[in-house]
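Position 33 of the sequence shown, counting from 1, maps to 44 under this note's numbering, and the rest follow consecutively. Quick notes on the structure that follows.
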Amino acid sequence: MVISSSHIYSKGNLDVVKTNTANKINLKRIPQNGQIQIYQSSYRGSYTSIIRDSLRNAALGRKVLLIQFMKGGVKQGVDNAVKLCGNLTWVRSSHSFDQYNSEAIENNKNLKKSIHESTIELWNFCKKELQSGENDQIILDEIFLAIDMKIIDKDDLISTLENRFISGDVILTGTDIPKDLLLMANQITELRS
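Structure representation (C-alpha coordinates):
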(Lines of atoms letter the chains of each structure in order from A and count residues from 1; the text may use other names and numbers.)
(Lines give C-alpha, C1' and ligand atoms only; values in the text may rest on other atoms or scores of the structure.)
Protein backbone atom coordinates (compact mmCIF):
# COMPACT_ATOMS: atom_id res chain seq x y z
CA MET A 1 0.00 0.00 0.00
CA VAL A 2 1.39 3.39 -0.93
CA ILE A 3 0.57 6.35 1.27
CA SER A 4 1.47 9.82 0.08
CA SER A 5 1.19 13.06 1.98
CA SER A 6 2.59 16.16 0.32
CA HIS A 7 2.94 18.25 3.48
CA ILE A 8 4.75 15.59 5.49
CA TYR A 9 7.19 14.23 2.90
CA SER A 10 7.40 17.08 0.41
CA LYS A 11 11.07 17.85 1.02
CA GLY A 12 12.28 14.64 -0.55
CA ASN A 13 9.13 14.03 -2.62
CA LEU A 14 8.92 10.57 -1.07
CA ASP A 15 6.08 8.10 -0.83
CA VAL A 16 5.87 5.71 2.08
CA VAL A 17 5.41 2.00 1.54
CA LYS A 18 3.99 -0.01 4.43
CA THR A 19 5.26 -3.58 4.51
CA ASN A 20 4.30 -6.31 6.94
CA THR A 21 6.97 -8.94 7.57
CA ALA A 22 6.61 -11.49 10.37
CA ASN A 23 4.10 -9.33 12.24
CA LYS A 24 6.43 -6.35 12.13
CA ILE A 25 5.42 -3.22 10.30
CA ASN A 26 8.22 -1.47 8.44
CA LEU A 27 7.95 1.85 6.68
CA LYS A 28 10.23 2.42 3.71
CA ARG A 29 10.64 5.61 1.75
CA ILE A 30 10.68 5.26 -2.00
CA PRO A 31 12.21 8.15 -3.94
CA GLN A 32 10.30 9.46 -6.94
CA ASN A 33 11.60 11.28 -9.95
CA GLY A 34 10.39 14.80 -10.48
CA GLN A 35 8.95 16.13 -13.68
CA ILE A 36 10.64 16.81 -16.99
CA GLN A 37 9.91 20.38 -18.00
CA ILE A 38 10.76 21.80 -21.40
CA TYR A 39 10.99 25.51 -22.12
CA GLN A 40 11.13 26.31 -25.80
CA SER A 41 11.52 29.56 -27.65
CA SER A 42 11.99 30.65 -31.23
CA TYR A 43 15.23 32.45 -30.35
CA ARG A 44 18.22 31.97 -28.06
CA GLY A 45 18.72 33.97 -24.89
CA SER A 46 15.12 33.94 -23.73
CA TYR A 47 15.56 31.86 -20.58
CA THR A 48 16.44 34.51 -17.99
CA SER A 49 13.27 33.67 -16.03
CA ILE A 50 14.55 30.11 -15.53
CA ILE A 51 17.86 31.39 -14.21
CA ARG A 52 15.98 33.78 -11.90
CA ASP A 53 13.84 30.89 -10.61
CA SER A 54 16.92 28.73 -10.03
CA LEU A 55 18.43 31.47 -7.85
CA ARG A 56 15.17 31.76 -5.90
CA ASN A 57 14.98 27.99 -5.39
CA ALA A 58 18.58 27.92 -4.16
CA ALA A 59 17.88 30.76 -1.74
CA LEU A 60 14.92 28.75 -0.42
CA GLY A 61 17.22 25.84 0.39
CA ARG A 62 16.86 23.59 -2.65
CA LYS A 63 20.05 22.21 -4.18
CA VAL A 64 20.08 23.41 -7.80
CA LEU A 65 22.45 22.58 -10.65
CA LEU A 66 22.41 24.97 -13.62
CA ILE A 67 24.32 23.80 -16.69
CA GLN A 68 24.76 26.15 -19.65
CA PHE A 69 25.96 24.13 -22.63
CA MET A 70 26.43 26.89 -25.19
CA LYS A 71 27.21 29.94 -23.07
CA GLY A 72 30.82 30.79 -22.61
CA GLY A 73 33.26 33.58 -22.18
CA VAL A 74 34.34 32.68 -18.68
CA LYS A 75 36.40 29.53 -19.42
CA GLN A 76 34.72 27.91 -16.47
CA GLY A 77 34.42 24.17 -17.10
CA VAL A 78 33.39 21.44 -14.70
CA ASP A 79 36.36 22.05 -12.38
CA ASN A 80 35.60 25.76 -11.94
CA ALA A 81 31.89 25.76 -11.13
CA VAL A 82 30.44 28.88 -9.52
CA LYS A 83 28.50 28.53 -6.26
CA LEU A 84 25.69 31.01 -5.55
CA CYS A 85 23.31 31.28 -2.58
CA GLY A 86 25.06 28.29 -1.03
CA ASN A 87 22.88 25.86 -3.00
CA LEU A 88 23.20 26.81 -6.67
CA THR A 89 26.03 25.32 -8.69
CA TRP A 90 26.40 27.10 -12.03
CA VAL A 91 28.56 25.45 -14.67
CA ARG A 92 29.44 26.57 -18.17
CA SER A 93 31.58 24.84 -20.75
CA SER A 94 35.27 25.74 -20.61
CA HIS A 95 35.14 26.36 -24.39
CA SER A 96 31.85 27.13 -26.06
CA PHE A 97 30.49 28.18 -29.41
CA ASP A 98 29.40 31.55 -27.98
CA GLN A 99 33.01 32.51 -27.30
CA TYR A 100 34.05 32.46 -30.95
CA ASN A 101 32.87 33.46 -34.39
CA SER A 102 31.20 30.48 -36.10
CA GLU A 103 33.37 30.96 -39.19
CA ALA A 104 36.52 30.85 -37.06
CA ILE A 105 35.34 27.58 -35.51
CA GLU A 106 34.69 25.96 -38.90
CA ASN A 107 38.11 27.05 -40.19
CA ASN A 108 40.04 25.83 -37.14
CA LYS A 109 39.78 22.07 -36.56
CA ASN A 110 41.66 22.21 -33.25
CA LEU A 111 39.30 24.86 -31.90
CA LYS A 112 36.26 22.91 -33.07
CA LYS A 113 37.62 19.74 -31.43
CA SER A 114 38.31 21.61 -28.18
CA ILE A 115 34.76 22.99 -28.10
CA HIS A 116 33.26 19.56 -28.77
CA GLU A 117 35.41 17.91 -26.08
CA SER A 118 34.51 20.59 -23.55
CA THR A 119 30.79 20.18 -24.26
CA ILE A 120 31.03 16.40 -24.00
CA GLU A 121 32.88 16.73 -20.69
CA LEU A 122 30.02 18.90 -19.43
CA TRP A 123 27.45 16.37 -20.67
CA ASN A 124 29.24 13.49 -18.91
CA PHE A 125 29.21 15.55 -15.71
CA CYS A 126 25.45 16.12 -16.17
CA LYS A 127 24.80 12.42 -16.63
CA LYS A 128 26.51 11.64 -13.32
CA GLU A 129 24.54 14.37 -11.57
CA LEU A 130 21.22 13.17 -13.02
CA GLN A 131 21.94 9.72 -11.58
CA SER A 132 23.38 10.85 -8.24
CA GLY A 133 20.17 11.98 -6.56
CA GLU A 134 22.06 14.83 -4.89
CA ASN A 135 20.21 17.73 -6.57
CA ASP A 136 16.66 18.96 -6.11
CA GLN A 137 16.57 20.59 -9.54
CA ILE A 138 18.77 20.33 -12.63
CA ILE A 139 18.57 22.80 -15.51
CA LEU A 140 20.11 21.86 -18.85
CA ASP A 141 20.17 25.18 -20.67
CA GLU A 142 20.38 24.99 -24.48
CA ILE A 143 20.95 21.26 -24.51
CA PHE A 144 18.86 21.00 -27.67
CA LEU A 145 21.34 23.18 -29.54
CA ALA A 146 24.10 20.74 -28.53
CA ILE A 147 21.94 17.94 -29.93
CA ASP A 148 21.22 19.89 -33.11
CA MET A 149 24.96 20.46 -33.59
CA LYS A 150 25.55 16.69 -33.18
CA ILE A 151 27.71 17.10 -30.07
CA ILE A 152 25.30 15.31 -27.73
CA ASP A 153 23.38 12.27 -28.93
CA LYS A 154 19.59 12.61 -28.62
CA ASP A 155 19.19 8.93 -27.69
CA ASP A 156 21.81 9.31 -24.95
CA LEU A 157 19.81 12.22 -23.48
CA ILE A 158 16.58 10.21 -23.64
CA SER A 159 18.19 7.19 -21.98
CA THR A 160 19.74 9.36 -19.27
CA LEU A 161 16.41 11.05 -18.54
CA GLU A 162 14.63 7.70 -18.37
CA ASN A 163 17.21 6.41 -15.86
CA ARG A 164 17.60 9.59 -13.81
CA PHE A 165 17.38 9.67 -10.03
CA ILE A 166 16.34 13.12 -8.90
CA SER A 167 13.47 13.96 -6.58
CA GLY A 168 12.99 17.36 -8.19
CA ASP A 169 12.49 18.60 -11.71
CA VAL A 170 14.75 18.45 -14.73
CA ILE A 171 14.37 21.54 -16.90
CA LEU A 172 15.54 21.51 -20.52
CA THR A 173 15.66 24.60 -22.71
CA GLY A 174 16.17 25.18 -26.39
CA THR A 175 14.82 26.20 -29.75
CA ASP A 176 14.57 23.10 -31.95
CA ILE A 177 13.28 20.34 -29.71
CA PRO A 178 13.11 16.77 -31.04
CA LYS A 179 9.61 15.26 -30.98
CA ASP A 180 10.78 12.25 -28.89
CA LEU A 181 11.76 14.62 -26.09
CA LEU A 182 8.55 16.63 -26.33
CA LEU A 183 6.65 13.37 -25.79
CA MET A 184 8.66 12.67 -22.60
CA ALA A 185 7.88 16.04 -21.04
CA ASN A 186 5.42 16.49 -18.19
CA GLN A 187 5.25 20.19 -18.98
CA ILE A 188 6.07 22.20 -22.08
CA THR A 189 6.24 25.98 -21.93
CA GLU A 190 6.63 28.13 -25.01
CA LEU A 191 8.28 31.47 -24.35
CA ARG A 192 7.35 34.28 -26.74
CA SER A 193 8.79 37.74 -27.14
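Think of the CB as a built atom: it goes at the ideal place given N, C-alpha and C, for glycine as much as any other residue. This one's a predicted model, so the numbers in the text were calculated from it and none came from an experiment.
Where residue i falls: helix, strand or coil (DSSP)
i	result
residue 203	coil
residue 163	coil
residue 59	helix
residue 48	strand
residue 180	strand
residue 195	helix
Sub-8 Å separation of residue i and residue j beta-carbons
i	j	result
residue 75	residue 147	yes
residue 130	residue 162	yes
residue 137	residue 78	yes
residue 109	residue 81	yes
residue 150	residue 141	no
Pairwise C-alpha distance: residue j and residue i
i	j	result
residue 66	residue 87	19 Å
residue 175	residue 122	32 Å
residue 177	residue 45	6 Å
residue 18	residue 48	Any reading at residue 18 is ruled out, since the residue's pLDDT is 29, under 50, leaving its predicted position unreliable.
residue 179	residue 145	10 Å
residue 95	residue 201	27 Å
residue 72	residue 181	17 Å
residue 41	residue 135	The pLDDT assigned to residue 41 is 48, lower than 50, so where the model puts this residue is not dependable, and the model offers no usable value.
residue 105	residue 197	31 Å
Within-8 Å CB hit, residue i to chain D
i	result
residue 81	Absent here is chain D; the protein component of the structure consists of one chain.
Heavy atom of the ligand COA within 7 Å of residue i beta-carbon
i	result
residue 96	With respect to the ligand COA, the structure shown offers nothing to examine, as it has no ligands at all.
3 or more residues per run - each beta strand (DSSP E) lying fully within the region 70 to 102:
75 to 79 and 93 to 95
Give the list of continuous alpha helix (DSSP H) stretches no shorter than 4 residues that lie fully inside the region 104 to 174. 113 to 118, 120 to 143, 154 to 159 and 165 to 173
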